[in-house]
Each structure stands twice: as C-alpha cells, then as structure tokens.
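When you line the sequence shown up against our numbering, it's residues 464 to 727, in that order.
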Amino acid sequence: MSGRTLRELGLAEVPREHPLTYPGAWPADSGVLHGDRLLPLERPVYEDRAPVLAVGSNASPAQLRHKMAEFGIDSPVPMVRSRVTGVEVGVSAHVSRMGYVSASPVASPGAVRELFVIWLDRRQLDVIDASEGVPLTRGNFWRAWLPASGVRVEVAHGQVLPGVYSYVNRHGVLHDGDRSPRRHPGQRALLTELLGRSAPLRALFGATPEEFSARAHGDAGLCARGTRLFAEQGWVTESGLEPYAHGRPPGSPGAGEWPSAPLP
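Right, here's the structure in full:
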C-alpha cells in the first residue's frame, strides 16, 4: 500500500480524544483514507457512494478513522477537496458530549470555501449518521440533501455535483449578535469567547476551555443544560438550511442510487 501515514502527514490527532483540537487537522489535498494512510485519489466522483459535505471533524482523517473503527469498518473513504459556494462553517447551538462545541453548515449565498466532500458507502454513511445523532428522535443533526441550486460544489476542473448531503443542526446555530450565523473560529478561541460572555456558562463549565472540555466530556446531562442555556441567553438563530432538512430523506446510496434531488 502506497501513500503516507496520518502521523507522517501531521493528521493523526483525534478530536474526540483531544477536544480542544476540534475540528482536527484536515489534509492539504484530496486523497483516499485507508486505515492509517492517505492514498492518492483516483477520481473526484464515486457514483456508487453518497457525497457528504464535511464542515467539521468529518474532514479530519483521524476522526473519520476513529468513528469507523468503533464499528469495525476499515474500508477506504475518498476525500475530495472541493470549491463550495453558498455555505459557511457556523457554530452548532449545542454542547457535544465529546467535550466541544462543533461546527455546523450555514447558508451563506455567495460565500466560497474550500471544503471536503467525503464519499461514503452504505455502512460508512450509517456510521456517520449515528455519530451525528440522525437516527435519534432527539439527535443533534438531520442529514439533509443540498441541491446544486442552493449549494454549488465543484469537485474538479468545473465538474459540479448535482447536490451533496450535509448535517444540519436541529438546535440551530449561534449568531454573531445581529442574528446572522457566526463563523466557527476554532475550539479554543470559541470557548474562550463564550465563557467570557456568560457567567451562567462559567458556572456550569468552568472559566477556561480546558475546564469546559473536561466537564462536558461524557456528561450528557450537563451538555443538555449547556445547550438549553445557549437558547435561554438568546444566542441561537437558524442556519438557513432547515428547509432542506424537513422533507423525507433521499433514498439510500449505492449502485448509482444517490439522488440528484430530494424525494417529495
């Protein structure tokens, strides 16, 4: 097997194990994650897999490997660096039991970002769905289909996908003070700012990012209280992507079945 290891590439640290590194290190370019190696990419589109737009730690090879390993899955995951128009990386309005406040996509017409599309087979998609709480009635995310009419994803040399899946936060996102979704500045900077703004948040999670992560990690009850506090303090707004999430989910991927539009 060719390619370089994640450790050689500086991509080995797992945000789930080191929350303040969230969203983790992203690759410099496209590749195929296979085990602990990043291999050269063969092509930018995989018709037998589902395209998922990664805005947070799902673009971290180490985090992806960690999630898949929990379910004994070690099959390759193509990761395609793409030019995305219409989406920004916002801040989820919930506290994760992993000890961080995660990223969430927000609608931002005209915004252009370099983000990764990960191409997942059925079992891999089930793993990522589970990690985002999609199957749960009170999970944190919906999986939504974002059509090219709303979010343009160029994977290579002008090749544009008909759409991509993405995970839209059910709690909404944090705003920047004027009701517009704010951007995620990185975990340590975000927690420092939020704790500095709120005495009730400090009472729950401590005064530093380190204390916040340590207290939040694994404590579902405390995380739920923190999530409610975001809303009580008036920090929450919509992502603008909710309309894409409220319909019936598109069909299962595989054998060329991933859709170009959501089902009615």
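From the three backbone atoms N, C-alpha and C, an ideal C-beta is built for every residue, glycine too.
Would you mind stating whether V552 and P568 have Cβ atoms separated by less than 8 angstroms? yes
Please report the straight-line C-alpha distance between I581 and L527, rounded to a whole angstrom. Answer to the nearest angstrom: the Cα atoms are 10 angstroms apart.
Excluding the 5 residues flanking L637 on each side, which residues of the same chain have their C-beta closer than 6 angstroms to its C-beta? V554, A556, R645, W698
Give me whichever residues DSSP pairs with S545 in a beta bridge. L578
Range covered by the beta strand (DSSP E) that runs through E617: 615-619
Just grab the DSSP bridge partners of V540 for me. L496
Assigned secondary structure, H709 (DSSP; H/G/I helix, E/B strand, else coil): coil
How long is the line joining the alpha carbons of I591 and G613, rounded to whole angstroms? If you take the alpha carbons of I591 and G613, they lie about 23 angstroms apart.
Identify the continuous alpha helix (DSSP H) that holds R688 and give its terminal residues. 683-695
Bridge partners for R470 per DSSP, in chain order? Partner(s): none; R470 has no beta bridge.
Range of the contiguous beta strand (DSSP E) that encloses G626: 626-632
Straight-line CA distance for G611 to G669? Checking the sequence shown, residue 611 turns out to be Ala, not Gly. G669 has its alpha-carbon roughly 43 angstroms from the corresponding atom of A611.
Would you be able to state if there are at least three C-beta pairs under 8 angstroms between the segment 516-533 and the segment 490-499? yes
Alpha carbons only, please: which of V597, E656, L664 is nearest the one belonging to V631? V597
Nonlocal neighbours in the same chain, by C-beta distance under 8 angstroms from L667, ignoring five residues either side: The beta carbon of L667 is closer than 8 angstroms to those of R678, L685, R688, G689, L692 in its chain, skipping five residues each way along the sequence.
Let me check one thing: in DSSP terms, what residues is Q622 bridge-paired to? A619.
Enclosing alpha helix (DSSP H) for P672 [first to last residue]: 672-679
Distance check for D492 and G473, CA to CA, integer angstroms please. 13 angstroms
What residue range is occupied by the uninterrupted alpha helix (DSSP H) comprising L653? 650-660
Could you spell out the range, first to last residue, of the alpha helix (DSSP H) harbouring P478? Looking at the DSSP string, P478 is not in any alpha helix (DSSP H), and its letter there is neither H nor E.
Using a 10 Å radius around the Cβ and a threshold of 16 neighbouring Cβ atoms, would you call R660 buried or exposed? exposed
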